[in-house]
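According to the numbering used here, the sequence shown holds residues 375 to 2043 in order.
See structure below.
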Amino acid sequence: MLESYVTPILMSYVNRYIKNLKPSDLQLSLWGGDVVLSKLELKLDVLEQELKLPFTFLSGHIHELRIHVPWTKLGSEPVVITINTMECILKLKDGVQDDHESCGSSSTNRSTSESTKTSVKPRRIQQATPDPDLPPGYVQSLIWRVINNVNIVINNLILKYVEDDIVLSVNITSAECYTVNEFWDQAFMDISATDLVLRKVINFSDCTVCLDKRNASGKIEFYQDPLLYKCSFRTRLHFTYDNLNSKMPSIIKIHTLVESLKLSITDQQLPMFIRIMQLGISLYYGEIGNFKDGENEDLICHTKDVLGNISGSEDEIGKDMQYISPESYTQQDDDQQQGWVSWAWSFVPAIVGTDDEEGYYVGTDDGTTINQQKLPTVKDPIASIGFYCTKATITFKLTEMQAESSYYSPQKVKSKEIICWEQEGTTVEILMSGEPFFDCQIGFVGCHALCLKSIMGIKDFEENMNRSDAEAYFLHCGENLSTKGMTYLTNSLFDYRSPENNGVRAEFILDGTAHKEMYTEITGMQRFGAFYMDYLYTMESTRGKVSGNQPDVTSVKTEDFGNIQEMSTKSLIVGPLSLRLDSSAVHRIMKMVVCALEHEYEPYSKSKPDFVDGAKTVLVSDEVAALEEYIPTRITNFTIVKCSVIIPMAEFNLLGHLLPIIMGQKSSSCFLNTANLQPLRPLPCIQMHVDKVVLEHSVPMYAEQLVQTVSSLNQPSDNLLHYCYAHCYLKIFGFQAGLSSLDINGSYSSPASVIPPLSTAFYGKMLQLPKHWSKWSNVAVNECIFELPNLTIQATRAQTFLMQTIWQSWAYTGNVSSPVVNEALVNEVFQLPGVKSKNPLPTLEGSIQNVELKYCSTSLVKCASGTMGSIKICAKAPGDGGKEKLIPLIQGPSDTRDLHSSKWLNESRKPESILAPDLLAFTVQIPQHKDYSYSSGAVLLASVQGLTINIDPVLYTWLVYQPQKRSNRPVQQSGSVSLGTPVTRKKEDEASIGSTPLPKQPSNQASEYASSPVKTKTVTESRPLSIPMKAMLSSLETCSKSPEERMKECIGIVWNAVKRLTLQLEVQSCCMFIPNDSLPSPSTIVSGDIPGTVRSWYHGQARMPGTLVLCLPQIKVMSAGHKYMEPLQEIPFVVQRPILEEGDAFPWTVNLNHFSVYTLLGQQMTLNLIEPMGCTSTLAVTSQTLHVAGPESKHSFVVCLHVDLESLEVKCSNPQVQLLYELTDIMNKVWNKIQKKGILHHSQAYTESASGPAPPSSPIKSSVGTAPLDTSTCSPSADFGTTTEGESLQGGDDSPFSDSITLEQTTSNIGISSGRVSLWMQWMLPKLTVKLFAPDPENKGTEICVVGELEDLSASVDVQDVYTKVKCKIESFNVDHYRNSFGEDSWSLGKCGGVFLSCTDKLNRRTLLVRPVSKQDPFSNFSGFFPSATAKLLDGSHQQHGFLSLTYTKAVTKNVRHKLISRNERRTLHKLSESFTDGSPHFLHEILLSAQAFDVVLCFPFLNAIASIFQAKRPQSQKEKRKSPGQPLRTHILTSRNLPLIYINTGVIRIFFPKMDERQQNVEDSKTDKEDTLVLKIGSVSMAPQADNPLSRVVLRKDIYQRALNLGILRDPGSEVEDRQYQVDLQSINIGTAQWDQLKPEKENGKGRTVPENERNSQNPALEWNMAT
């Protein structure tokens, strides 16, 4: 009777999955009670169809299948099904990897997958044996009892998955499934009305997972260590039914517990492992495989289809996966989880009984058994799947090949573990109820990471090192299980307190909002402690019932959007975390990254090209309204609570081997030496701490569809636009950083704070599928906002040194030797508690506030705007009485409008208000496209408020601090051997990447020559002169670009940026106070207010230190045609008059106002140095493209700057000079110290500068001091024999003056086109007044004032590629002097009519001739009528204006000659000179000076008084040390190469020496005609660099001279061997006497400032003389 029911059920299953079975045989042996079937083949196609997995079965065998049916005791003994050795091999479906690329393919198309899915379910029912009419009562219940108590045993289950070169195999020695009682002990159980529960247990023993690499022929050459070795775990299943007749459970719980999980990954397995992880994620998201889904609905249905029992084998693998990289615990874990789970279920039907039986365990939407099909709807079961692991470890190993001793034996792989991750109390729980609810929670209680063995040849944690565990552990997170308890098992089937273990029915929260209220971050962290993740997916229907399946991107219609509201939220939280990134940890992590990158797998899913469909759908208004109402999004929240990171100094640094590989360059195979690492103690480190980091991210679930819809609307609402972006918020709370040090005991010193706690926030959004938005030029593609309310940094100089040391230890890769820490420095920074330092260092503290930056880019422009509220920098220095004094150094914004004149010191001043405008506000907008075809140029608007700066001596103290000399020995534990130098040397010679050169390297030839004078002399004498050329050239080639070339490149870049730039810049004046002694802020005023501090000192009791006040001008720059706009604009914005043409932005108008300099001295004294002044200037730039032969077309630029200055008044007196002298003296010393220190620091980092040998210098040059014979006659580079080889041919030698042209004229003809950059500047100054004040040395109580006036100054500078020209003209120049008694207001003329220098007729010109006419020599002035050649030349080039004109020209020698030589000669020359170059061009200098006639009155007491102004006393203590003798002085010998060509032409110069005799003046009534003035008159002076009758010279080196003579270059200006001679012509010199009274000017008014109306006297002295006669 029973057989007739039971047999068909068993038969149908066995027959469906196993090939070639004869049912009759099976039936016969079944009735015997035992079936043994051997060597069975599985029906692979049926399995594939049933399982709907993206995998294909390559093979499937069962070695032996036994079925034992105890017919006599069916009611009390279980049916046992035993499978001995089952093996299956799978691979990814073939179509999968090709199809998933095309978006409409059947494998990814939603509708197809739905149809296959629905068609599979009914087919299953048809295939099942028709259910015979079951007798009521006893038999039916007996059958259910039999089914509920089936035992399944699988021995030796082998599963393999192959793909590319990956072979993943899972081997389970035995798995056993049986029914248990409420104490989880094996028993024969049944469901009763009182207890509607069925419990089962599956025990797995010895599960081993291997991951190996196979070669092209499919063979595995050598086996890696297994990922998981002989791991055992147990699974508990708990089914709850609603009533006795339920064919399926309403609640399913499947929980697995692993006591200890030990995973091992080798460097070869890592890329393969990551590949398998990616496979899981791709399958989960439906990027590959035959189902595609928005989140995971399909997967859930599918899982439910086959959820009956658990094979666990695969399930476990899925679970194990998550352990591998706990660091990456983001979405992938649960993705992985479900991807693998669904695969796991694949084997269930093969194992479990009939369809009916499946119906019991599993509910599907359409019901699985025939009875259930009659019911209208079936409720989805609630499934809870859990995985619990008490302790898990993952070890990463490096493998190396090891050849065996015998030739034929195979290679073996030896592995060495380097890093290990330990994790305690891990939980993964999934709760799902049909489609509408899915939740996954992952957490663990604590984790640690530690370093093992050695890395890259450095043995830092070998067993014999005796290092403590604390040093090996570099990461701690969360708590210990021992203290936390078993919270991770709460409410699981393994928790004795859970409701199921106490006979109570469990309650589940299946509502999204209730779930979020219940499981908050706080509860999660209370349960776990280290990491908690909650992933929730819900789906609610707004119109009636949920449609059978979830609409998806590819097939959904827009109407359906309204039916269903989906939401996905992930929240991840990481508990208290401490991480120490020391050398050992960083190198190990980097090594793992390098290993992970060493693979060449194709990505599973290529991102689809963002193409736009031509056909846009027209939308109905209510569809848009439905969209407005709800748009599904995915939200991720990531939080880190209390994280601290410690970065110690690098004890070894081999990142030079790893970083290039990570950056994508080829790996360098170089041998690394092994060395024992000696830990360095004390080890300085940077400690960073964050209270909380919150990251929120949201993205639309169906981006493609949403964007297509919204972008096709004419005017989408802001709400819809908002959802078309991915949004990201990052908030950081309580970030702080400090310096600490690790001592020998492993404890940290209390940190010295560098950055006090600060908080900051960042927001960014990114448009999804931007191609769809191409027509929306105003829609932002990206937008970012950054806010920083306050940032403060404080440090002493010693702390910055220490930070620099730490930075350098990491930045300079390649030094294997342990670094040396200066003990004195460490002790200075970390003082022992209770110990007072002798002289505490000043601390610098800077803070900026309210920084807001915003960036936005659209399809046309990129723009940014921002503000910075304020900046304050002050110094805290130890003061008197142990109190700290605060010295403000920089303060902004500060009201500097009145500071340009010293009145503000006496007026009341408002304190800086809190509502002051932002210090800096700017907006910048740049076009996206370089071609500018349809957009206007860039715009920059900026405004900077006033800034006050106090350059206080405390700043120098801070800068100049120098730690005591470095200790030579590394600080280390006793009894250890440090790294020997041979090791280092060897490693360096192995050519490591980026290594620093060693101190002793074979030096280059060139540097040998220049090393020492003595050595050089011998070299020079013993070798022919031309040899060092090769060395020179080779060293030149290695040199980088010259600064000029770099400059030109830079100018090109700047030009591209500004040629179409609308610029508006406003900078308020910046006021600098430079005191010669500290100015601490008094406690009465607001801290940091610099003007307030200065003022309180100025009026205070104590004497104020001398202070120089430099008030920099207000600056306004505006582009041509631009109207003023507010500097802070909403971006993107539009300018009224955009600049369309290149260069139209120019000219810029630059206005400067209120520049002044004054000094504050003690006793409330203020003295001006420069009165407030300003200027207006215009800057124009034009550019033209040069047609250069070759590919690169260069621009040539002409920059014109015209500056109109207001008249300038300078005042000066001795106290001011004294103050300036002291200040410059202080600064000079500080600068020298800093420079010395800079060099010293440099040498610590690099022993030799990177650029190679010293810049080329010839042997002769370096031997100047010692071998004068060689060098006195020839120019420094003559020995090269280079450019002398016929650079120019001999000019007409008959007369040097015959056709000479000045350099100035030559250069005027050179066109602009020759150069890339030419600069032309013109400066106009209407009047310059200089006033000098000094006490009169003769009359006590009077004061002398000297007034110098220059009128109409104009200067122009012309800079071209090949020459530079400076012209300067002065219209008139007078110096007068006045005197007054102290305290008087009125000034009277000084002695001698107050004249000191005059270029006008202040002194009578006619009274000069004191000789009788008859005695005149008729030819005395003859030369005046035949002016010298110089005068002619000067007149040609210098049209004279006013009193003085001066021209200075500097030109490239080669270019000048180029002009002087005719064309056909030039060709031959070119060939000669091209073969040699010595790099830098030689320059010719020329000075042309012409001056009008002028008078000078030398009154010596008065000169003495003026000189006293400029005398500064040097402080006594600061007498400089004498330079130590010993080194020969290398003087600079004057040669024709470095002397300029000088042309001078002046008018008559008269010098008067009046007799300053007091008594003489008192006896005025005698009126005797005594001569009281000596007159020296010099006729015109002219000078030229050529002589009419050249002197003959002595030839010392005949060979050189002869060569020069043959080439005819002796007279060429600037040639290597030039015979340069100067000639000076003085027209006449007269000395006579005169009476001062006769010399007085004819018209005289109060101050003697008249300029005669009549025409100025001619410049011809002879004419003047004749007129007088």
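Every residue, glycine too, gets a C-beta built ideally from N, C-alpha and C.
Note that the structure is a prediction, hence the values are computed from the model and not measured.
Determine the direct distance from the alpha carbon of residue j to that of residue i, and round the result to whole angstroms.
i: GLN1475; j: LEU1260; result: 19 Å
i: ASP1999; j: CYS1773; result: 22 Å
i: MET385; j: SER807; result: 33 Å
i: LEU618; j: LEU601; result: 45 Å
i: VAL410; j: LYS393; result: 15 Å
i: LEU572; j: PRO444; result: 21 Å
i: SER1416; j: ALA904; result: 57 Å
i: THR2052; j: LEU946; result: Nothing can be reported for residue 2052: it is not among the residues displayed for the chain, which extend from 375 to 2043.
i: GLY2020; j: THR1540; result: At GLY2020 the pLDDT is 41, less than 50, meaning the model places this residue with poor confidence; the figure from the coordinates comes in the next sentence. Between GLY2020 and THR1540, the C-alpha separation is close to 29 Å.
i: LEU1763; j: HIS1751; result: 6 Å
Residue i: buried (16+ other C-beta within 10 angstroms of its C-beta) or exposed?
i: THR405; result: In the sequence as displayed, the identity of residue 405 is Trp instead of Thr. Exposed, since its Cβ has fewer than 16 Cβ neighbours within 10 Å.
i: ASP1092; result: exposed
i: VAL380; result: buried
i: HIS1473; result: exposed
i: MET775; result: exposed
i: TYR512; result: exposed
i: THR1241; result: buried
i: VAL967; result: exposed
i: TYR1996; result: exposed
i: ALA2051; result: The structure shown does not extend to residue 2051, since the chain is modelled only from 375 to 2043, so the question has no answer here.
In terms of residue numbering, what span does the alpha helix (DSSP H) encompassing residue i cover?
i: CYS969; result: 957-971
i: GLN1173; result: 1171-1185
i: THR1738; result: Taken as a continuous stretch (DSSP letters only), THR1738 belongs to no alpha helix (DSSP H), being part of the beta strand (DSSP E) at 1737-1755.
i: MET385; result: 376-391
i: PHE1876; result: 1874-1883
In terms of residues, what are the limits of the beta strand (DSSP E) holding residue i?
i: LEU1143; result: No beta strand (DSSP E) contains LEU1143, which DSSP labels as neither H nor E.
i: LYS534; result: 525-537
i: TRP1697; result: 1691-1709
i: TYR847; result: 847-852
i: PHE613; result: 602-614
i: PRO1262; result: 1258-1266
i: ARG1994; result: From DSSP, ARG1994 is part of no beta strand (DSSP E); its letter is neither H nor E.
i: VAL1955; result: 1955-1958
i: TYR893; result: That residue, TYR893, is in no beta strand (DSSP E); it is neither H nor E in DSSP.
Below 8 Å on the Cβ atoms is my contact criterion, and I expect residue i with residue j to pass it. Report the Cβ-Cβ distance as a whole number of Å.
i: ILE804; j: ILE756; result: With a Cβ gap of about 11 Å, ILE804 and ILE756 do not count as contacting.
i: TYR391; j: LEU416; result: 6 Å
**OP:** Flag this pair as touching only if the stretch 1000-1018 and the stretch 805-818 have three or more C-beta atom pairs under 8 Å; answer yes or no.
**Re:** No, the stretch 1000-1018 is not in contact with the stretch 805-818.
Original post:
Does the count of Cβ pairs from the stretch 422-439 and the stretch 460-470 closer than 8 Å reach three?
Top reply: yes
Original post:
Do three or more CB pairs link the stretch 1291-1298 to the stretch 1421-1433 at distances below 8 Å?
Top reply: By the Cβ rule, the stretch 1291-1298 does not count as touching the stretch 1421-1433, because fewer than three pairs are nearer than 8 Å.
Original post:
Would you call the stretch 1537-1550 and the stretch 1567-1582 in contact, with 3 or more CB pairs under 8 Å?
Top reply: Using a C-beta cut-off of 8 Å, the stretch 1537-1550 makes contact with the stretch 1567-1582, since at least three inter-stretch Cβ pairs fall below that distance.
**OP:** Decide if the stretch 1444-1453 is in contact with the stretch 1492-1510; the criterion is three or more beta carbon pairs, one per stretch, under 8 Å apart.
**Re:** no
Original post:
How do the stretch 648-663 and the stretch 785-804 stand: do at least 3 beta-carbon pairs fall below 8 Å, yes or no?
Top reply: no
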